[in-house]
């Protein structure tokens with residue numbers, strides 16, 4: 093009968109990271125970028141996805157600084173919000189917010205005949221200036237955030253844009269990679285809430301570790 097190698101959580105994680113290190117092969121990521129890549133692969137078991145991650149040169153530094161400064165974190169959907177390790181965020185006075193189910197957002201989306209994700213981004217940029225935007229589900233949210241950045245209405249510290257899907261997901265990430273704003277994204281259709289959470293949690297671990 094098959095038995096697990098271990099049932100100890102820390103040992104399972106350590107063994108997983110060891111396997112990732114052994115199997116990933118050559119890469120050009122910095123040590124801090126690789127810490128994010130490693131957790132994304134750990135969350136998805138997808139080496140192709142991990143290797144497709146793209147980092148703005150200031151992404152890691154900007155993300156850690158925003159976390160330590162207690163900046164708000166905006167998630168596009170509740171699934172991202174739920175997965176974020178809030179203890180590490182709250183340690184520095186930060187908080188995690190999602191606006192997509194707010195009553196005013198729902199009403200405005202109906203009035204404009206558009207998606208709640210778009211309206212939620214418009215609300216978020218008014219309430220979370222200088223924050224981290226973590227988008228893992230809705231390409232329309234990412235495209236709207238990009239538009240707001242280009243028009244000078246949004247000034248995020250970091251955009252983690254990893255939406256998954258077949259409609260506009262890859263294209264939205266291509267547009268994000270053109271911005272001169274700190275970002276973490278990837279190439280292609282793959283992504284999702286789980287890997288967005290993994291990237292954000294990796295950053296909070298780095299922020300906590302380097303502030304000790």
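Numbering (the numbering used here), first residue to last: 93 to 304.
Note that beta-carbon positions come from the ideal geometry of N, C-alpha and C, so glycine has one too.
Let me see if you follow: with CB-CB separation under 8 Å, is residue i close to chain B or not?
| i | result |
| --- | --- |
| residue 192 | In the structure shown, chain B cannot be found, because there is only a single protein chain. |
Between the alpha carbons of residue i and residue j, how many angstroms are there, rounded?
| i | j | result |
| --- | --- | --- |
| residue 256 | residue 283 | 4 Å |
| residue 183 | residue 278 | 29 Å |
| residue 212 | residue 166 | 10 Å |
| residue 201 | residue 251 | 23 Å |
| residue 216 | residue 191 | 7 Å |
| residue 109 | residue 238 | 34 Å |
| residue 100 | residue 293 | 21 Å |
| residue 242 | residue 266 | 15 Å |
| residue 220 | residue 144 | 28 Å |
| residue 208 | residue 104 | 39 Å |
| residue 291 | residue 95 | 31 Å |
| residue 151 | residue 258 | 26 Å |
| residue 214 | residue 93 | 55 Å |
| residue 111 | residue 130 | 10 Å |
| residue 180 | residue 300 | 7 Å |
For residue i versus residue j, is the C-beta spacing smaller than 8 Å?
| i | j | result |
| --- | --- | --- |
| residue 119 | residue 126 | yes |
| residue 246 | residue 240 | yes |
| residue 168 | residue 228 | yes |
| residue 254 | residue 124 | no |
| residue 163 | residue 222 | yes |
| residue 224 | residue 155 | yes |
| residue 231 | residue 249 | no |
| residue 289 | residue 172 | yes |
| residue 132 | residue 287 | yes |
Can you check DSSP and say which residues form a bridge with residue i?
| i | result |
| --- | --- |
| residue 286 | BP columns for residue 286 are empty, so no partner. |
| residue 165 | 188, 224 |
| residue 252 | 226, 276 |
For the alpha helix (DSSP H) containing residue i, list its first residue and its last residue.
| i | result |
| --- | --- |
| residue 179 | 178-182 |
| residue 189 | Taken as a continuous stretch (DSSP letters only), residue 189 belongs to no alpha helix (DSSP H), being part of the beta strand (DSSP E) at 188-190. |
| residue 232 | 231-242 |
| residue 94 | Taken as a continuous stretch (DSSP letters only), residue 94 belongs to no alpha helix (DSSP H), as it is neither H nor E. |
At a threshold of 7 Å, does residue i count as lining the ligand ATP (C-beta to nearest heavy atom)?
| i | result |
| --- | --- |
| residue 203 | The ligand ATP is not part of the structure shown, which contains no ligands of any sort. |
Which first and last residues belong to the beta strand (DSSP E) in which residue i is found?
| i | result |
| --- | --- |
| residue 271 | Looking at the DSSP string, residue 271 is not in any beta strand (DSSP E), and its letter there is neither H nor E. |
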